[in-house]
Amino acid sequence: MPTSLIGLGANLEDREATLTRAVDLLDQHEHLRVRRISRWRETRAVGGPAGQPPYLNGAVTVETSLAPDALLDVLHDIENRLGRRRSQRWESRAIDLDLLLFGDCIQHSPDLVLPHPRMAWRRFVLEPAREIAPNMVHPVLGRTIAQLLDHLDATPPYVAVTGVLGAANTHFARRLAEFGSIELLLGPATARPKPARHDLDSSGRDLAIGLECVRRRARLLQAAESRPSPSGDYVVSDFWFDASRAWALHRLSPPARTCFLRTWNRLAVDLVHPRMVIVVDLPTRRAFDRFRPPTASTSRGLVALTIKQRQRALERQLRRSHDGPVLRVVDPDSPEAINELTAAMRAME
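Numbering-wise, the sequence shown is residues 9 to 357 according to our numbering.
Here it is in structure tokens:
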């Protein structure tokens, strides 16, 4: 039977008694067996209405013959029996049971996403999980629970924003910097994206622009790392250094690419890694509306193809990179996107 990881939390009434009762109900189910239980940890509330009392959090591992959706139904039933009421997102609650991992299952459905989409950056999830299941693997990121928590511990409070359109990245980074104590790093852009039929660099102009861009971005990151900052303050950049590599692989001819990557590799060795990468993941139609073709004769289809090619190059780099969890933003103009990001940043502290 697969091993599942379940997160527990409560911040109302007798928290410890409620959590203990939830574990008992799990173990009493005919198709479940609780194998390990973490200690309870008190943590501050993250996200949701202000002024919430602190949470008591923990984790358990269970073995089950149930399918993932059936296990989720069991968790919801236990929540209801213990007084859970759902009215506002991230509000105070008598009990919260989250299905974090179900073996190596990857699932995206309207009712259930596995692994849990926010577990990789939530310290209040990872700390108790490491206590009982340090070697369980996040099947999407390919990292163990222990490695995910080690990443949060080893990286400074730095978040990198990336995406195929630099203007959208800058727009979102500026909006994010309006909330809380955040230092904003605005980097130079790489060459303006050109239609796919001009993708091979022949003049060397793109190479020169790309090299100058990565050098300036490296200097910005090095300067930010050397400056003392108040404890807990975040640095947010409107660029992700690794995205420059994706740009080069997509944009430059083989000889120019070799030259660029030689410089990129030398600079990347000494640079700080972000605690989280934020991807401004605009749908192709919205990306086209923000991207004005350089000439009136450029067809919409050609520009859409270029955007999709750059998206694929960025996705390959994200899979290759070890720069921590990735949070995707589909609508950078929505208040919900800012709330999601600020909550994630607090959860990593």
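For every residue, glycine included, the Cβ atom is placed at its ideal position computed from N, Cα and C.
Buried or exposed by the 16-neighbour rule on C-beta atoms within 10 Å, applied to residue i
i, result
"N65", "buried"
"G195", "buried"
"P201", "Low per-residue confidence applies at P201: pLDDT is 46, beneath 50, and the placement is therefore not dependable, though the value from the model is reported in the following sentence. Classification of P201: buried, given that the 10 Å Cβ count is 16 or more."
"D241", "exposed"
"D209", "At D209, the pLDDT of 47 sits below 50, so the modelled position is not reliable and the matter cannot be decided from this model."
"D341", "exposed"
"R227", "exposed"
"A78", "exposed"
Distance between residue j and residue i (C-alpha atoms, nearest Å)
i, j, result
"D81", "R49", "26 Å"
"V31", "D104", "12 Å"
"P123", "D106", "10 Å"
"A352", "L335", "9 Å"
"E357", "A168", "16 Å"
"D246", "E191", "11 Å"
"L322", "V172", "7 Å"
"H159", "G332", "7 Å"
"E233", "R274", "18 Å"
"L120", "L215", "45 Å"
"S117", "R223", "43 Å"
"Y166", "R151", "20 Å"
"A185", "R92", "35 Å"
Minimum C-alpha distance to residue i - residue among the options
i, options, result
"F132", "G55, L79, T170", "G55"
"S46", "P136, V243, R283, P10", "P136"
"Q36", "Y63, T51, T72", "T72"
"E24", "A176, A321, A67, W255", "A67"
"N143", "D161, D112, A53", "D112"
"S329", "E348, A276, L13, R259", "A276"
"A128", "V337, V285, K316, Q325", "V285"
"L108", "G150, A185, L13, L184", "L13"
"C324", "P76, R253, E348", "Reading off the sequence shown, one finds Arg at residue 324, where the question assumed Cys. Checking every option, the nearest Cα to that of R324 belongs to R253."
Three-state class that DSSP yields for residue i in the structure shown
i, result
"S342", "coil"
"Q115", "strand"
"I286", "strand"
"A18", "strand"
"G332", "coil"
"I103", "coil"
"H163", "The amino acid occupying residue 163 in the given sequence is Thr; His does not appear at that position. Coil, per DSSP."
"F247", "coil"
"H37", "coil"
"G218", "helix"
"E357", "coil"
Quick one: any contact between the stretch 171-189 and the stretch 280-293, if contact means 3 or more CB pairs under 8 Å?
-> Result yes; three or more Cβ-Cβ pairs closer than 8 Å.
Contact the stretch 212-219 vs the stretch 264-275: 3+ CB pairs below 8 Å | Because the criterion of three Cβ pairs below 8 Å is met, the stretch 212-219 and the stretch 264-275 touch.
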